[in-house]
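Undergrad: So for the sequence shown, full-length UniProt numbering puts the first residue at 1; every next one is plus one.
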Amino acid sequence: MTTRTDTAGPGGEAYNAFLAACPSRLLLDRLANKWVVLVLCALGGDADRAADVPAVPTALRYSELARKLSGVSQKMLTQTLRSLERDGLLTRTVTPTVPVTVTYELTDLGLSLLGVVRQLREWAQSHMDDVLAHREEYDTRA
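(1) Please return the same chain residues whose Cβ sits closer than 6 Å to the Cβ of G115, not counting the five positions on each side in sequence.
(2) Do you know offhand how far V131's Cα is from V94's?
(3) Could you compute how far the alpha carbon of A17 sits from the alpha carbon of R67?
(4) So, for P54: in the same chain, excluding its five sequence neighbours on each side, which residues have a beta-carbon less than 6 Å away from its beta-carbon?
(5) Would G110 pass as a contact of L89 if the rule is Cβ separation under 8 Å?
(6) Helix, strand or coil, according to DSSP, for residue 162 in the structure here?
(7) Unbroken alpha helix (DSSP H) runs of length 4 or more, entirely within the UniProt domain "HTH hxlR-type" (22-132): which are they?
(8) So does the segment 19-32 actually touch the segment 55-64, counting three or more Cβ pairs closer than 8 Å?
This is the structure in structure tokens:
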């Protein structure tokens, strides 16, 4: 695993997200989306677990994901799943049943990202009270 911020791509080019033309910026933009974080965490087994129980990645159907991600529109969930599949972070498996069963599951690449997005989600949840207090303080000064 590399820790450099300017790792070389397949053509030998260096990726540096601080440069305007760097393609890694597009990936960062995608990964910064709340629905991406929540889909990855849901497929990682985080949605229904208690804080002290380890999450276990699982395959979920579209309807199961939609139920877990309260407030997501059908259009947004579909777009998010397609983009994650295109980026190789999840797989879509179609099983010929009646009706057809479609499941989504994290790939090895998606699993490698899961720890990072899980920490981001947990940080947001555990620091929300602090952020709200700072927002209120800021707004009263403004």
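Ideal placement from N, C-alpha and C gives every residue a C-beta, glycine not left out.
TA: Reading from the atomic positions:
(1) As a position in the sequence shown, residue 115 is number 115, starting the count at 1. The answer is none, since no qualifying residue turns up.
(2) One-based indexing of the sequence shown puts residue 131 at position 131. One-based indexing of the sequence shown puts residue 94 at position 94. The alpha-carbon atoms of V131 and V94 are separated by roughly 42 Å.
(3) Sequence index remark: in the sequence shown, residue 17 carries index 17 (1-based). Sequence index remark: in the sequence shown, residue 67 carries index 67 (1-based). When rounded, the distance between both Cα atoms is 35 Å.
(4) Within the sequence shown, numbered from 1, the residue matching residue 54 stands at position 54. Here the set comprises nothing.
(5) By one-based count along the sequence shown, residue 110 stands at place 110. By one-based count along the sequence shown, residue 89 stands at place 89. Cβ distance < 8 Å, so G110 and L89 count as in contact.
(6) No information on residue 162 is available, as it lies outside the stretch 1 to 142 that the chain covers here.
(7) 24-31, 34-43, 62-68, 74-86
(8) no
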